[in-house]
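Colleague: This structure is in structure tokens; I'll ask about it shortly.
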Amino acid sequence: MEKFGFNQFGDPTVFERFEQAVPVPKEQQVLIKVLAFGINPYDALLRSGNQQTVRPLPFPIFPGADVVGEIVELGSAVDDYRVGEIVINHRSLGGYSEFVTASTNKIIRKPVSLSIAEAAGLPTAGITAYNTLMHFTHFKHGDSIAIMGASGAVGNLLVQLALAAHLDVTAIAHSRNREYLESFGVQHILAYDAPESLVTINRQIKIGVNTSQNPESAQLLNQLIAPNGYFASTTILPTEDQQLADVTYQMVYPRKDQPSLTALQDLSELIDQGLIHVTVHETLPFTLDGVITAHQLLATHHAPGKIIISR
1 MEKFGFNQFG DPTVFERFEQ AVPVPKEQQV LIKVLAFGIN PYDALLRSGN
51 QQTVRPLPFP IFPGADVVGE IVELGSAVDD YRVGEIVINH RSLGGYSEFV
101 TASTNKIIRK PVSLSIAEAA GLPTAGITAY NTLMHFTHFK HGDSIAIMGA
151 SGAVGNLLVQ LALAAHLDVT AIAHSRNREY LESFGVQHIL AYDAPESLVT
201 INRQIKIGVN TSQNPESAQL LNQLIAPNGY FASTTILPTE DQQLADVTYQ
251 MVYPRKDQPS LTALQDLSEL IDQGLIHVTV HETLPFTLDG VITAHQLLAT
301 HHAPGKIIIS R
């Protein structure tokens, strides 16, 4: 089978095509023929060597956390899935591959209403958005929430989840993405490229969530949080000297008491109810050139939506 990975750190052209044996599923695993996989910013951090100090990995490294595929073989102890079912798999590595094995506690059936490409764009961004809202915002019904980077992969799903939870949502993104956010039903949209518009709601928002890597964006959001409010971030927090004494700050991080499968199951239900939609920006071919092009596109300020490799 073919896999895509790299033997050295660098730009997207370091990717290579590898030939490896098809893996054999263990008792509680299934063998999945990969139909599509999603490209995430973390994959680019791995490729560049940015994560080597915090997560040292031996070469060759095969990225890929978001997979959709067809079950083609069952482990001897698997009785709750069937060959031929289409499933979503959220994994730590190795998704850039023709076949993968996965434990049954790492997969869910693909929602009927999602295409293969849309399903491949769901896991990492969806789980991050879900856990951020459910476990790091302390929200109550009707609370106001401002989301910085609202048109991004995590941000747009967080917006939709907050709307489904009946929160008063203010979406903050580049002005060119206003219509995209309006399509979700957001009524309050602000542009970070017109920061003067944010001043009008200074210290009036109960919850702020930052999904932007830009320190200036973090500081803009910080100015909106009301006394006794909360600031959660999937990326960066305001610096210590910028943090307000009457605001609670918290970085979002994976926790063992927040299983990914629970998040995916709840997201799947919301998707089938029509409350959550996954946006795909571009689908590229299941080839080495497709992977390289996907990583080159990832580095640009492309329109909203996930980049997907698909057969």
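UniProt numbering puts the first residue of the sequence shown at 1, with every later residue one more than the last.
Quick reminder that beta carbons are idealized off the backbone N, C-alpha and C, glycines included.
Treat the numbers as computed from the prediction; the structure is a model and nothing was measured.
(1) With burial defined as no fewer than 16 other Cβ atoms inside 10 Å of the residue's Cβ, what is the status of GLN160: buried or exposed?
(2) Are at least three pairs of beta-carbons, each pair with one atom in the stretch 120-140 and one in the stretch 293-309, less than 8 Å apart?
(3) Between the C-alpha atoms of ILE147 and LEU261, what's the straight-line distance to the nearest angstrom?
(4) Quick one: what's got a C-beta closer than 6 Å to GLY279's C-beta in the same chain, skipping five residues either side?
(5) Which value, in whole angstroms, describes the spacing of the CA atoms of MET251 and PRO238?
(6) Hey, could you find the ends of the alpha helix (DSSP H) PRO123 is sitting in?
(7) Can you look up THR200 in the DSSP assignment and give me helix, strand or coil?
(8) Flag this pair as yes or no: are the beta carbons of ILE39 and LEU288 separated by less than 7 Å?
(9) Express the C-alpha separation of GLU70 and SER92 in angstroms, rounding to a whole number.
(10) Less than 7 Å between the C-beta atoms of LEU181 and ALA150, yes or no?
(11) In three-state terms, what does DSSP make of VAL291?
(12) Do GLN20 and SER103 have their C-beta atoms within less than 7 Å of each other?
(13) Determine the DSSP secondary structure at TYR180, reduced to helix, strand or coil.
(14) If you run the structure through DSSP and keep just helix, strand and coil, what is GLU27?
(15) Does residue 396 come out as helix, strand or coil in the three-state DSSP assignment?
(16) If you draw a straight line from the C-alpha of PHE15 to the C-alpha of VAL199, how long is it?
(17) Which ranges would you report for the alpha helix (DSSP H) in the stretch 35-80 if only whole runs of at least 4 residues count?
(18) Just to confirm my understanding: we take ASN228, look at its own chain, exclude 5 residues before and 5 after, and list those with CB closer than 7 Å. What are they?
(19) Since ARG109 sits in a beta bridge, which residues does DSSP pair it with?
(20) So which of GLN204, GLY274 and PHE6 has the shortest CA-CA distance to SER48?
(21) Label PHE59 either buried or exposed according to how many other C-beta atoms from any shown protein chain fall within 10 Å of its C-beta, with 16 as the threshold for buried.
Modeller: Per the coordinate set shown:
(1) The residue in question, GLN160, is buried, as its Cβ has 16 or more Cβ neighbours within 10 Å.
(2) Yes: at least three Cβ pairs fall under 8 Å.
(3) ILE147 and LEU261 have their C-alpha atoms spaced approximately 24 Å apart.
(4) For the sequence presented, residue 279 should be read as Thr rather than Gly. Cβ neighbours of THR279 within its own chain (closer than 6 Å, five residues either side excluded): PRO304 and GLY305.
(5) Roughly 11 Å separates the two Cα atoms.
(6) 123-136 is the span of the alpha helix (DSSP H), which, as asked, contains PRO123.
(7) Helix at THR200.
(8) LEU288 is positioned such that its CB atom lies no closer than 7 Å to that of ILE39.
(9) Their Cα atoms are separated by approximately 19 Å.
(10) Using a Cβ distance threshold of 7 Å, LEU181 and ALA150 count as a contacting pair.
(11) Helix, per DSSP.
(12) Cβ distance not < 7 Å, so GLN20 and SER103 don't count as in contact.
(13) Helix.
(14) Reduced to three states, the DSSP call for GLU27 is coil.
(15) Lying before the first or after the last residue shown, residue 396 is absent from the chain, which here runs from 1 to 311.
(16) Using only the alpha carbons, I get a separation of about 45 Å.
(17) Fully enclosed alpha helix (DSSP H) runs of 4 or longer: 41-48.
(18) These residues qualify, in order along the chain: ASP246.
(19) Answer is VAL87, bridged to ARG109.
(20) Checked all of GLN204, GLY274 and PHE6; the closest Cα to SER48 is PHE6.
(21) Around the beta carbon of PHE59, fewer than 16 other beta carbons sit within 10 angstroms, so the residue counts as exposed.
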